[in-house]
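Accompanying notes for the structure given below.
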Amino acid sequence: MASMIEVTQDVVYELSGKKITIPADSIVQSSSELLEAQKFKEDGEIYASLFTGATQAGAVVWRVTADYGFTTPSIDGLELVECPEGIEIIQSLAVEIVEVDYEEDEC
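Residue 39 in numbering that gives the first Met the number 0 is what sits at position 40 of the sequence shown, and the numbering runs on without skipping anything.
Next up, the structure:
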(Lines of atoms letter the chains of each structure in order from A; the text may use other names.)
(Lines give C-alpha, C1' and ligand atoms only; values in the text may rest on other atoms or scores of the structure.)
Protein backbone atom coordinates (compact mmCIF):
# COMPACT_ATOMS: atom_id res chain seq x y z
CA MET A 0 0.00 0.00 0.00
CA ALA A 1 1.11 3.53 -0.72
CA SER A 2 -0.36 6.91 0.13
CA MET A 3 -1.03 9.59 -2.44
CA ILE A 4 -2.78 12.94 -2.55
CA GLU A 5 -5.93 12.98 -4.66
CA VAL A 6 -7.98 15.96 -5.85
CA THR A 7 -11.52 15.38 -4.59
CA GLN A 8 -13.60 18.06 -6.33
CA ASP A 9 -13.63 20.38 -9.32
CA VAL A 10 -12.33 23.93 -8.90
CA VAL A 11 -14.76 26.71 -9.83
CA TYR A 12 -13.61 30.22 -10.66
CA GLU A 13 -15.05 33.39 -12.10
CA LEU A 14 -13.49 35.27 -14.99
CA SER A 15 -15.14 38.29 -16.60
CA GLY A 16 -18.43 37.48 -14.90
CA LYS A 17 -18.54 33.85 -16.11
CA LYS A 18 -18.30 30.84 -13.80
CA ILE A 19 -15.89 28.26 -15.19
CA THR A 20 -14.95 24.81 -13.89
CA ILE A 21 -11.55 23.15 -13.84
CA PRO A 22 -12.31 19.40 -13.68
CA ALA A 23 -10.61 17.63 -10.77
CA ASP A 24 -9.05 15.04 -13.10
CA SER A 25 -7.36 17.76 -15.19
CA ILE A 26 -5.47 19.28 -12.24
CA VAL A 27 -1.85 18.17 -12.49
CA GLN A 28 0.31 17.28 -9.48
CA SER A 29 4.06 17.88 -9.47
CA SER A 30 6.53 15.51 -7.88
CA SER A 31 6.62 15.77 -4.10
CA GLU A 32 9.56 17.50 -2.45
CA LEU A 33 10.75 16.62 1.04
CA LEU A 34 10.56 19.71 3.24
CA GLU A 35 11.22 18.33 6.68
CA ALA A 36 12.67 14.95 7.57
CA GLN A 37 12.07 13.18 10.82
CA LYS A 38 14.05 14.61 13.72
CA PHE A 39 12.80 12.41 16.51
CA LYS A 40 11.39 8.92 16.54
CA GLU A 41 7.76 10.14 16.65
CA ASP A 42 8.07 12.78 13.93
CA GLY A 43 7.02 12.17 10.37
CA GLU A 44 8.17 13.65 7.11
CA ILE A 45 6.60 16.73 5.52
CA TYR A 46 6.32 16.78 1.73
CA ALA A 47 5.09 19.55 -0.57
CA SER A 48 3.49 19.16 -3.98
CA LEU A 49 2.26 21.75 -6.44
CA PHE A 50 -1.13 21.27 -8.06
CA THR A 51 -1.73 23.20 -11.29
CA GLY A 52 -4.99 23.90 -13.07
CA ALA A 53 -5.16 25.53 -16.51
CA THR A 54 -7.45 28.52 -17.12
CA GLN A 55 -8.02 30.85 -20.07
CA ALA A 56 -5.96 33.48 -18.24
CA GLY A 57 -3.07 31.19 -17.26
CA ALA A 58 -2.17 28.63 -14.62
CA VAL A 59 -3.61 28.53 -11.11
CA VAL A 60 -1.21 26.86 -8.67
CA TRP A 61 -1.75 25.53 -5.16
CA ARG A 62 0.90 24.23 -2.76
CA VAL A 63 -0.18 21.25 -0.65
CA THR A 64 1.90 20.01 2.26
CA ALA A 65 1.33 16.58 3.75
CA ASP A 66 2.69 14.94 6.89
CA TYR A 67 3.58 11.30 6.35
CA GLY A 68 4.08 10.35 9.98
CA PHE A 69 4.14 6.98 11.66
CA THR A 70 0.40 7.16 12.19
CA THR A 71 -2.16 8.17 9.58
CA PRO A 72 -0.80 10.57 6.90
CA SER A 73 -2.55 13.94 6.91
CA ILE A 74 -2.81 17.14 4.88
CA ASP A 75 -0.78 19.77 6.71
CA GLY A 76 -1.64 22.80 4.58
CA LEU A 77 -3.11 24.03 1.31
CA GLU A 78 -2.35 27.47 -0.08
CA LEU A 79 -2.98 29.30 -3.33
CA VAL A 80 0.44 30.41 -4.61
CA GLU A 81 -0.31 31.64 -8.13
CA CYS A 82 -3.50 33.03 -9.62
CA PRO A 83 -3.78 35.09 -12.81
CA GLU A 84 -5.19 38.60 -12.52
CA GLY A 85 -8.93 38.77 -13.02
CA ILE A 86 -9.66 35.29 -11.67
CA GLU A 87 -11.70 34.89 -8.51
CA ILE A 88 -11.68 31.39 -7.03
CA ILE A 89 -15.20 30.43 -5.93
CA GLN A 90 -14.62 26.77 -5.02
CA SER A 91 -10.96 26.07 -4.27
CA LEU A 92 -8.89 22.95 -4.53
CA ALA A 93 -9.90 20.12 -2.19
CA VAL A 94 -7.60 17.15 -1.61
CA GLU A 95 -7.30 14.09 0.57
CA ILE A 96 -4.75 11.38 1.16
CA VAL A 97 -5.81 7.98 -0.14
CA GLU A 98 -4.26 4.55 0.16
CA VAL A 99 -3.59 2.85 -3.16
CA ASP A 100 -2.42 -0.63 -4.06
CA TYR A 101 0.42 -0.85 -6.49
CA GLU A 102 2.00 -3.78 -8.21
CA GLU A 103 5.73 -4.18 -8.13
CA ASP A 104 7.35 -4.75 -11.50
CA GLU A 105 8.80 -8.18 -11.89
CA CYS A 106 11.99 -8.30 -13.89
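By construction, the Cβ of each residue, glycine as well, lies at the ideal position given by its N, Cα and C atoms.
Looking at the DSSP output, Val-59 shares a beta bridge with Gly-52. About 6 Å separates the Cβ atoms of Leu-14 and Ala-56, confirming a contact at the 8 Å cut-off. Excluding the 5 residues flanking it on each side, Leu-79 has same chain C-beta neighbours closer than 6 Å at Trp-61, in chain order. Beta-bridge pairing by DSSP links Thr-20 to Val-11.
Counted as a single uninterrupted DSSP element, the beta strand (DSSP E) harbouring Asp-75 occupies residues 73 to 81.
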